[in-house]
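All remarks here apply to the structure that follows.
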Amino acid sequence: MDMRTLTLYHREGCHLCEQMAQVLASLATELRFEVTRVDIDADPALRERFNEKIPVLMVEDDVVCCHFLDEKALRQALTDG
Numbered sequence: 001m002d003m004r005t006l007t008l009y010h011r012e013g014c015h016l017c018e019q020m021a022q023v024l025a026s027l028a029t030e031l032r033f034e035v036t037r038v039d040i041d042a043d044p045a046l047r048e049r050f051n052e053k054i055p056v057l058m059v060e061d062d063v064v065c066c067h068f069l070d071e072k073a074l075r076q077a078l079t080d081g
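Below is the structure:
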């Protein structure tokens, strides 16, 4: 199975974002993925789209979860893809 790339939309100083990043880091080896972090405050369009939803985790173009990591949904998204 190839390594998948997930996108974590976040902002600096967001404690929920850091919590999700930590849990993702602990699952990355087992589930064979890497995480690209994107700061929404660096892009006005992303800030408008995700401002109240962060952290937002996406697999390709699909939102897997917002605010808190849904491990079941993540595992399903990685299996389906």
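The sequence shown begins at 1 in my numbering and counts up one residue at a time.
The C-beta atom is built at its ideal place from N, Cα and C for all residues, glycine as well.
None of the values given here were measured: they were computed from a predicted structure.
Using the Cβ count rule (16 or more neighbours within 10 Å means buried), how would you classify residue i?
i	result
M20	buried
A45	exposed
A42	exposed
F50	buried
A25	exposed
M3	exposed
Since residue i sits in a beta bridge, which residues does DSSP pair it with?
i	result
M58	T7 and V63
V23	In the DSSP output, where bridge partners are listed per residue, V23 has none listed.
D39	H10
F33	R4
Would you say residue i reaches chain C, if we count a Cβ-Cβ gap shorter than 9 Å as a contact?
i	result
R49	Considering every chain present, this structure includes no chain C. It has just one protein chain.
Original post:
Can we say the segment 34 to 43 touches the segment 62 to 79, given the rule of at least three CB pairs closer than 8 Å?
Top reply: no
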